[in-house]
Amino acid sequence: MTRENSVIKSWIPEKLIVPLLAISLLPHLMLLSMFSLNSTFTASFLDVEADDLQFMFSMAYGLIVCGLFLHNRLFSAINVKSYLLLMTMLNILILLGMTVTTNPQAILVLRFLQGPMTLFEGAIILPILMSHIKNPNAKFIGYCVLYGLMLTSDKFTTSIIKFAIENYSHNVMVYSLVALHVMALLIYLFIFNAKRMFPKVPLYQLNLSGVMLMVICLISGAYFFIYGKRYDWFESPRIVIALGLCILCGALFVLFQMTSKRPLFHFSVLKSKRVVFGIFIFFIFYILRSSMGNIYQVMSVVWKWPWEYILKIQYINVAGSVIGVVISYLLFARQLSFRKIFVIGFLLLAASMLWFSFLFYPDTTVGAIGIPLFLEGVGQGIIFTPLVFFMIGSVHASISSHASQTGTAIRFWSTTIGFALMQNLVLYLSTKYQFLLTRNLDQTHPVFQQEWSSLMDKLSATHLENDAVHLSVMALKAKLASQALLIANTEIFRWLAVLGFAAFILILLYRPLLFVWKKRPGRARC
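Numbering (this note's numbering), first residue to last: 181 to 706.
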């Protein structure tokens, strides 16, 4: 785009455009990071249920998925400056609304609205920013920054929440976001003119019924997976209704889009083998990522590390992710094939999962846990951005946005399912092993006698006999629960390692398998 036709005012120096656009992108990235917080760890210090927190995140992210259907139409109807000013002001109003209410239902509605507003605000700035980066790989650099922040910014956001809780209040964090939005608002007023990037298209035939079907499908699906454990799955009518709504609305959405003249989503993108393979890889990738909540849970529950300390340890993973993103750019710039990049990334992820499985002891050190944390970060950093490009680059440019929508949708489902899977596996396996370990609670068993004597000797010195007996029983139960949790996570991470190595082998053999498939006798006759 030339400066004469640019949406940036002509008198703005070229060297200031990228820094100013990067600063204006900050509030969008901070809001986006709040939808990707580790709900298990965050819930531990916010004193809320992890299920409720995850549902709030999933709901907002689901609205981002649905917002992608409307983004291009809104963008074509309104000029860039007016669009950005409108969306930023709406975000400011939503944030201020969160500071004046403590009603959970009202906050849920505001979160509901915040999802698409966050998307609308940032989805324009990023391509404009990338168009002003003077580099042949500008698009990849832009996405590296975006996805690198998506992988790591949840830790920074948690640190900000921690600082606000300890020194001020939750509202201070919201006011900080408002201040960043006001700063972005001033930048938009300062640098943008009233020109358009594309010809004006009126807002008609938006197919809002299709959008609403997808909204209901995603939210009811998230409710089913997240709250299924709490309400005993199909024993609860609300869970059955949620699943029914998800399937019904999803089926109606597919039917309407397949028969519509102006579909919201072109299912033809699924004809691309790379898109389908990318969906599969994305799903495995996010299942492996979802296991990090288990690590932080063990740190808190079993190893009794303070959550402030755990938060600092997470920056080891951040360092690995940053290095992984840099490596992915270097490999991409050297034109290394996507297959080789994925092989390296999944090998590191699988190795880190296997390494974790050998660390679940009653106590450990930061040095021991830090290495696999770092490797996991490097692995996910290497995979993320190339995987997005692998999917987008496999289809025609006219429907590449639909491939991007596919990736966003699969991130929603894999994150939600990954959370539910880990929660249910931990519950099932820890209950199973806790039951098996109760066999040791036998007065004739040497292990029980040793533990009981040790506890009674310690507690009898400071408590009455009855109190000492009660406290000893409670201590044994707690130790039993901790041991069961450790054994459960050992099994989970070994299976995750198997999954990671299976993905590694599948990617390694992808081309040979594809060649054999194309050369099979039945296909040759066709």
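Where a beta carbon is used, it is the ideal one built from N, C-alpha and C, also for glycine.
- Task: Taking only the alpha-carbon atoms, compute the straight-line gap between M297 and S662 and give it to the nearest angstrom.
- Result: By one-based count along the sequence shown, residue 297 stands at place 117. By one-based count along the sequence shown, residue 662 stands at place 482. The alpha-carbon atoms of M297 and S662 are separated by roughly 43 Å.
- Query: Using the C-alpha atoms, what's the distance from F249 back to S584?
  - Reply: Residue 584 sits at position 404 when you count from the first residue of the sequence shown. Residue 249 sits at position 69 when you count from the first residue of the sequence shown. When rounded, the distance between both Cα atoms is 11 Å.
- Item | Nearest to L265 (by Cα), restricted to the options H312, Y241, N252 and Y368 | Against the sequence shown, residue 265 aligns to sequence position 85. Checking every option, the nearest Cα to that of L265 belongs to Y368.
- If L432 sits next to L393, beta carbons under 8 Å apart, how far is it from one beta carbon to the other, in whole angstroms? One-based indexing of the sequence shown puts residue 432 at position 252. One-based indexing of the sequence shown puts residue 393 at position 213. Contact holds; Cβ gap of about 5 Å.
- Item | Own chain residues within Cβ distance below 8 Å of L254, not counting five before or after | Here residue 254 refers to the residue found at position 74 of the sequence shown. Here the set comprises Y263, F300 and L383.
- Message: Between N259, F599, V481 and V498, which has its C-alpha nearest Y541's C-alpha?
- Response: Within the sequence shown, residue 541 is the residue found at index 361, counting from 1. Residue V481 is the option with its Cα nearest to Y541.
- Per DSSP, which one or two residues make a beta bridge with I188? Against the sequence shown, residue 188 aligns to sequence position 8. Note: I188 sits in a beta bridge opposite F372.
- Query: Cα separation between F512 and L491?
  - Reply: By one-based count along the sequence shown, residue 512 stands at place 332. By one-based count along the sequence shown, residue 491 stands at place 311. When rounded, the distance between both Cα atoms is 32 Å.
- Message: Taking 8 Å as the cut-off, does the region 671 to 691 touch the region 532 to 551 (at least 3 CB pairs, one atom from each stretch)?
- Response: yes
- Task: Check each candidate in I406, E415, G401 and R442 and name the one with the smallest Cα separation from G424.
- Result: Residue mapping note: residue 424 aligns to position 244 of the sequence shown, counting from 1. For G424, the nearest C-alpha among the options comes from G401.
- Query: Considering only residues of the same chain and omitting the five flanking positions on each side of S574, which have a CB-CB separation below 6 Å?
  - Reply: By 1-based counting over the sequence shown, the position of residue 574 is 394. Counting only Cβ-Cβ distances below 6 Å, and skipping sequence neighbours, we find S452, R454 and V455.
- Message: Pairs of beta-carbons, one from the region 497 to 511 and one from the region 546 to 563, closer than 8 Å: are there three or more?
- Response: yes
- Message: So, at 8 Å on beta carbons, what are the nonlocal neighbours of G550 in its own chain, with the 5 sequence-adjacent residues on each side left out?
- Response: For the purposes of this step, residue 550 is identified with residue 370 of the sequence shown, where counting begins at 1. Closer than 8 Å at Cβ, skipping near neighbours: I493 and I496.
- Report the residue from D232, E229, A668 and H361 whose alpha carbon sits nearest the alpha carbon of L205. What you label residue 205 is simply residue 25 of the sequence shown in a count that begins at 1. Here the closest residue by C-alpha is H361.
- Query: Can you list, in chain order, the residues of its chain whose CB lies under 8 Å from that of I313, leaving out five sequence neighbours each side?
  - Reply: Your numbering for residue 313 matches position 133 in the sequence shown. Closer than 8 Å at Cβ, skipping near neighbours: V198, I321 and G322.
- Task: Compute the Euclidean distance between the alpha carbons of S256 and S581, then round it to the nearest angstrom.
- Result: Residue mapping note: residue 256 aligns to position 76 of the sequence shown, counting from 1. Residue mapping note: residue 581 aligns to position 401 of the sequence shown, counting from 1. Between S256 and S581, the C-alpha separation is close to 15 Å.
- Message: Looking only at its chain, what residues have a beta carbon closer than 6 Å to the beta carbon of A683, apart from the 5 residues adjacent to it on each side?
- Response: Reading the sequence shown from its first residue, position 503 is the one you call residue 683. Taken in chain order, the residues that qualify are I464 and F526.
- Message: Once the 5 residues before and after N474 are set aside, which same chain residues still bring their CB inside 8 Å of it?
- Response: Working through the sequence shown from its first residue, we reach residue 474 at position 294. So the qualifying residues of the chain are T220, M602, V606, N669, I672 and F673.
- Query: Residues in its own chain within less than 8 Å of I305 by CB, not counting five upstream and five downstream?
  - Reply: Position 125 of the sequence shown, counted from the start, is the residue given in the question as residue 305. Closer than 8 Å at Cβ, skipping near neighbours: L201, S204, L205, H208 and L264.
- Pull up the distance between the alpha-carbon of D334 and that of V696, whole angstroms please. For the purposes of this step, residue 334 is taken as the residue at position 154 of the sequence shown. For the purposes of this step, residue 696 is taken as the residue at position 516 of the sequence shown. If I take the Cα positions, the gap works out to 43 Å.
- If you draw a straight line from the alpha carbon of G295 to that of L212, how long is it in whole angstroms? Mapped onto the sequence shown, residue 295 falls at position 115. Mapped onto the sequence shown, residue 212 falls at position 32. Whole-angstrom Cα-Cα distance: 8 Å.
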